[in-house]
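Q: One structure is given below, represented as structure tokens, and several questions about it will come after.
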Amino acid sequence: MVFTAIRNVLALIIVAAVCTAAQEVKVNSYTYANSKLTGSMTVQNLAYSKVVNVIYANTAQTWGNTCAASYTSGPDSTNKETWSFNCAIGSAGISQFYVEYKVNGNTYYDNNGGSGKNYQVTASTTPTPTTATPTATPTPTTSTPSGPTPAPAPVSGSGFQADITSYLAAALPNFKSFLLANISPTNVNGALPGSIIAATASGANNYIYHWIRDAGLVMDVVNSLYKGGDKTLEKTFWDHAAFTKRLQSQTTLTGFGEAKYYVNGNAFNDPWCRPQNDGPAVRASSFIRFSRAYLANGGSLSRVIEIYNSTASGVIKPDLEYVTRNYNAADNCDLWEEQRGQHFFTVAVQRRALYEGRDFANLVGDSGAATYYGQQAALLDAKINQFWNAGAGSVQTTLNARLLDAAITLGAIHGNVGDGLFAPQDDRILATIFQLESGFINEYTLNQNVKVDGSGLPLSVAIGRYYGDVYDGAGSTKGNPWYLTTLSVAETIYRAATAYVKAGSITVTANNQKLFNGASPAGLGLNIATGTYAAGSANFNAIIQGLQTYGDKHIRRVKYHGAAGYHFNEQFNRDSGFAQGVNDLTWSYASLITTNYAREELKALTA
Numbered sequence: 002m003v004f005t006a007i008r009n010v011l012a013l014i015i016v017a018a019v020c021t022a023a024q025e026v027k028v029n030s031y032t033y034a035n036s037k038l039t040g041s042m043t044v045q046n047l048a049y050s051k052v053v054n055v056i057y058a059n060t061a062q063t064w065g066n067t068c069a070a071s072y073t074s075g076p077d078s079t080n081k082e083t084w085s086f087n088c089a090i091g092s093a094g095i096s097q098f099y100v101e102y103k104v105n106g107n108t109y110y111d112n113n114g115g116s117g118k119n120y121q122v123t124a125s126t127t128p129t130p131t132t133a134t135p136t137a138t139p140t141p142t143t144s145t146p147s148g149p150t151p152a153p154a155p156v157s158g159s160g161f162q163a164d165i166t167s168y169l170a171a172a173l174p175n176f177k178s179f180l181l182a183n184i185s186p187t188n189v190n191g192a193l194p195g196s197i198i199a200a201t202a203s204g205a206n207n208y209i210y211h212w213i214r215d216a217g218l219v220m221d222v223v224n225s226l227y228k229g230g231d232k233t234l235e236k237t238f239w240d241h242a243a244f245t246k247r248l249q250s251q252t253t254l255t256g257f258g259e260a261k262y263y264v265n266g267n268a269f270n271d272p273w274c275r276p277q278n279d280g281p282a283v284r285a286s287s288f289i290r291f292s293r294a295y296l297a298n299g300g301s302l303s304r305v306i307e308i309y310n311s312t313a314s315g316v317i318k319p320d321l322e323y324v325t326r327n328y329n330a331a332d333n334c335d336l337w338e339e340q341r342g343q344h345f346f347t348v349a350v351q352r353r354a355l356y357e358g359r360d361f362a363n364l365v366g367d368s369g370a371a372t373y374y375g376q377q378a379a380l381l382d383a384k385i386n387q388f389w390n391a392g393a394g395s396v397q398t399t400l401n402a403r404l405l406d407a408a409i410t411l412g413a414i415h416g417n418v419g420d421g422l423f424a425p426q427d428d429r430i431l432a433t434i435f436q437l438e439s440g441f442i443n444e445y446t447l448n449q450n451v452k453v454d455g456s457g458l459p460l461s462v463a464i465g466r467y468y469g470d471v472y473d474g475a476g477s478t479k480g481n482p483w484y485l486t487t488l489s490v491a492e493t494i495y496r497a498a499t500a501y502v503k504a505g506s507i508t509v510t511a512n513n514q515k516l517f518n519g520a521s522p523a524g525l526g527l528n529i530a531t532g533t534y535a536a537g538s539a540n541f542n543a544i545i546q547g548l549q550t551y552g553d554k555h556i557r558r559v560k561y562h563g564a565a566g567y568h569f570n571e572q573f574n575r576d577s578g579f580a581q582g583v584n585d586l587t588w589s590y591a592s593l594i595t596t597n598y599a600r601e602e603l604k605a606l607t608a
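Residues in the sequence shown are numbered from 2 upward in steps of one, following this note's numbering.
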């Protein structure tokens with residue numbers, strides 16, 4: 002390492018060794034100047050969801066200061082990503098730091114080569130250049146760094162509910178089992194490997210079809226289970242890729258815009274709301290994320306390239322090309338298969354698919370496509386902003402049509418690119434949630450009459466698809482709350498809180514203040530002025546705890562109205578609260594599992 006102090010400049014620049022193949026995280030370089038610690042690091046891409054923090058001690062050698070690193074680029078051909086950090090250092094200063102990388106339940110450290118070292122930070126006022134050489138070459142380590150055990154994220158107390166923690170621990174194995182049973186179902190005649198049924202129902206209310214959108218969201222969950230250690234699920238993806246190639250080869254009425262297919266792989270050409278242009282985007286993103294997880298587990302790049310664009314088995318690029326040709330379509334169906342127009346959910350998932358497609362195309366060497374996908378994705382940045390209705394103070398689900406809809410929270414979750422634009426923490430999303438919840442209080446008598454569970458614990462507002470919905474799960478009378486839409490609020494809330502904790506601050510605006518200060522159950526019931534609140538402050542803690550409890554109330558609502566044996570239907574009755582609609586809706590189980598993932602990530606940051 003070379004330490005250089007430049008005359009009359011209070012700055013320290015250190016260039017660290019490049020990350021070796023065996024090391025999970027390694028600082029590349031860093032600079033401390035003007036009370037800012039900035040730098041970059043290399044992170045082994047072990048899973049899509051990961052947390053990387055800089056932990057530092059002040060000049061009094063007091064630990065417990067945390068600064069979140071953020072993704073910059075990659076992964077490269079060796080499956081490494083570049084991350085950066087930009088830490089504002091307070092008046093207490095900084096003396097040393099190390100890096101902590103959490104992924105897949107494991108924690109890795111870069112403490113500059115071993116116990117007792119850490120990265121030293123001493124801005125020198127001496128005008129004489131100095132050079133120092135390390136006594137040992139930095140080596141990979143997963144040992145606990147020297148100094149005190151790093152303090153958890155600065156959240157005092159917890160809003161998580163013990164009954165929900167216990168419930169999820171008991172229920173999750175069942176949710177996973179029920180979800181996996183609907184993939185390549187052995188009890189459905191003619192179902193091919195890789196097909197996914199929407200629910201276990203046939204006859205007049207037939208859900209024994211393979212819906213493209215539902216299947217993509219379900220396979221995202223399968224990918225998370227695969228990344229979590231269940232390597233047997235790799236075959237499920239290859240089966241799904243082969244089944245997808247069969248679907249893409251069918252002659253249909255709208256090409257890739259078809260909503261559903263028979264589980265034997267044949268086209269469904271009967272009357273339906275078509276095209277549904279969200280499906281190919283969701284499916285492409287699902288395959289891209291699996292491909293990255295597969296490579297992180299030592300998989301073959303050549304096989305990934307095959308499912309990207311080979312003649313025999315390529316499925317990813319065809320979907321991405323469909324997205325680029327159709328994202329401006331003014332007449333396509335929404336995710337509820339009812340309304341035509343341009344939809345927030347559709348644009349959100351298309352935008353994510355193109356940004357992920359850009360990075361993935363670079364990974365597999367298709368640089369021309371990467372450039373094109375990036376250009377088209379950038380155009381969607383402007384387009385998605387059209388869905389903000391400033392006059393109404395909420396996101397609009399369909400341009401020039403329906404305003405409030407649970408599709409907005411689903412879009413915030415599944416369209417999240419990581420840049421904050423209409424992500425869960427976006428103040429416009431939180432403003433929309435408050436309005437959506439407030440309206441559903443009056444929509445269902447259940448919300449007015451059943452406010453606590455059997456133990457007297459408070460329940461959230463039960464959330465349906467939209468106000469005035471008439472689909473009751475079997476016909477057209479009066480619509481009901483759905484499990485997955487109620488859960489979508491919880492997942493959005495957990496992910497918003499996680500983003501705040503990682504950022505180290507919360508900016509309260511006139512938009513999100515409506516949720517934070519709004520009366521319970523639609524809001525958190527706080528009393529916080531607009532402004533920015535740093536991690537560790539009383540208002541920061543109050544908001545994070547409030548969001549934790551708010552999310553848990555939604556899970557409690559779903560739990561309270563679920564069927565026996567941890568089974569979940571599509572809906573629960575707007576008056577009685579009893580489960581109704583098709584049994585074992587696969588998307589319901591996917592939502593339960595992803596909501597738990599979001600909750601666990603927040604717990605890990607604030608425990």
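For glycine and all other residues, C-beta sits at the position ideal for the given N, C-alpha and C.
Take residue 426 and list the residues in its own chain whose beta-carbon comes closer than 7 Å to its own, dropping the five residues that flank it on each side.
A: 497, 500 and 501.
Q: Between which two residues does the beta strand (DSSP E) harbouring residue 99 extend?
A: Here the beta strand (DSSP E) through residue 99 covers 97-104.
Q: Rounded to the nearest angstrom, what separates residue 543 and residue 87 at their Cα positions?
A: Cα to Cα, the separation comes out at about 26 Å.
Q: Just how far apart, CA to CA, sit residue 5 and residue 36?
A: In this prediction, residue 5 scores a pLDDT of 32, lower than 50, which makes its location untrustworthy; the coordinate-derived value is nonetheless stated afterwards. When rounded, the distance between both Cα atoms is 18 Å.
Q: Going by DSSP, what residue range makes up the beta strand (DSSP E) through residue 532?
A: Residues 532-535.
Q: Between residue 410 and residue 297, what straight-line distance do the alpha-carbon atoms span, to the nearest angstrom?
A: Going by the C-alpha atoms only, they are around 30 Å apart.
Q: Is residue 491 near residue 562, with beta carbons less than 7 Å apart?
A: No. Outside cutoff.
Q: Cβ-heavy atom distance between residue 200 and the ligand NAP below 6 Å?
A: Summarising the ligand content, the structure contains no ligands, and the ligand NAP is consequently not present.
Q: Going by DSSP in three states, residue 291 sits in which element: helix, strand or coil?
A: Looking at residue 291 - three-state DSSP - the assignment turns out to be helix.
Q: Rounded to whole angstroms, what is the Cα-Cα separation between residue 292 and residue 382?
A: The alpha-carbon atoms of residue 292 and residue 382 are separated by roughly 25 Å.
Q: Would the beta-carbon of residue 356 fall within 7 Å of that of residue 257?
A: The answer is no: Cβ separation not under 7 Å.
Q: Compute the Euclidean distance between the alpha carbons of residue 377 and residue 283, then round it to the nearest angstrom.
A: Their backbone Cα atoms lie some 17 Å apart in a straight line.
Q: On the three-pair Cβ rule with 8 Å, is the stretch 274-281 touching the stretch 241-248?
A: With a cut-off of 8 Å, the stretch 241-248 and the stretch 274-281 do not count as touching, because too few Cβ pairs lie within range.
Q: Less than 8 Å between C-beta atoms, sequence neighbours within five positions excluded: which residues of the same chain meet that for residue 421?
A: Excluding sequence neighbours, residue 421 sits near 427 and 500.
Q: Please classify residue 471 as buried or exposed, where buried requires at least 16 neighbouring CB atoms within 10 angstroms.
A: Exposed is the call here.
Q: Just how far apart, CA to CA, sit residue 379 and residue 348?
A: Straight-line Cα distance between these residues: approximately 12 Å.
Q: At which residue ranges does the stretch 15-84 contain complete beta strand (DSSP E) runs of 3 or more residues, listed in the order of the chain?
A: Runs of the beta strand (DSSP E) inside the stretch 15-84: 26-34, 37-45, 52-58, 66-69 and 71-74.
Q: Leaving aside the five residues before and after residue 430 along the sequence, list all residues of the same chain whose C-beta is less than 8 Å from its C-beta, in chain order.
A: Only 396, 409, 410, 413, 423, 424, 493 and 497 meet the Cβ criterion.
Q: My assumption, with CB atoms under 8 Å, is that residue 484 sits in contact with residue 559. Please give the rounded CB distance.
A: About 5 Å separates the two Cβ atoms, so the contact holds.
Q: If you run the structure through DSSP and keep just helix, strand and coil, what is residue 376?
A: In the structure shown, residue 376 sits in a helix (DSSP, three-state: H, G or I).
Q: Cα-Cα, which of 447, 309, 191 and 51 is closest to residue 366?
A: Comparing Cα-Cα distances from residue 366 to each of 447, 309, 191 and 51, the minimum goes to 309.
Q: Based on the DSSP secondary-structure assignment, which residues constitute the bridge partners of residue 399?
A: DSSP output for residue 399 lists 344 as bridge partner(s).
Q: Just reading off the alpha helix (DSSP H) that residue 165 is part of, what are its end residues?
A: Start and end: 163-182.
Q: Measuring alpha carbon to alpha carbon, tell me which of 518, 99, 112 and 34 ends up nearest residue 547.
A: Per the Cα distances, 518.
Q: Return the first residue and the last residue of the alpha helix (DSSP H) that residue 592 is part of.
A: 587-607 is the span of the alpha helix (DSSP H), which, as asked, contains residue 592.
Q: Determine which residues share a DSSP beta bridge with residue 317 and list them.
A: DSSP, once it has assigned bridges, lists no residue as partnering residue 317.
Q: Using the Cα positions of residue 578 and residue 454, report the straight-line distance between them to the nearest angstrom.
A: Cα-Cα distance, rounded: 11 Å.
Q: So what's residue 225 in DSSP terms, helix, strand or just coil?
A: DSSP places residue 225 in helix when its eight states are reduced to three.
Q: Just how far apart, CA to CA, sit residue 189 and residue 254?
A: Cα to Cα, the separation comes out at about 26 Å.
Q: Per DSSP, what kind of secondary structure is residue 611 in: helix, strand or coil?
A: The requested residue 611 is not part of the displayed model; the chain covers only 2 to 608.
Q: My guess is that residue 100 and residue 55 are in contact by the Cβ rule of under 8 Å, so how many angstroms apart are they, rounded?
A: Their Cβ separation, rounded to whole angstroms, is 6 Å, which keeps residue 100 and residue 55 in contact under 8 Å.
Q: So what's residue 283 in DSSP terms, helix, strand or just coil?
A: Correct three-state label for residue 283: helix.
Q: Could you check if residue 236 is buried or exposed, using at least 16 other CB atoms within 10 Å of its CB as the buried criterion?
A: Result: exposed.
Q: Are the CB atoms of residue 588 and residue 215 nearer to each other than 7 Å?
A: Against a cut-off of 7 Å, the Cβ pair of residue 215 and residue 588 comes out as a contact.
Q: Measure the C-alpha to C-alpha separation of residue 198 and residue 183 and round it to an integer number of angstroms.
A: About 6 Å.
Q: Look at the Cβ atom of residue 301, then the Cβ atom of residue 354, and state whether they are nearer than 7 Å.
A: For residue 301 and residue 354, no; Cβs fall outside 7 Å.
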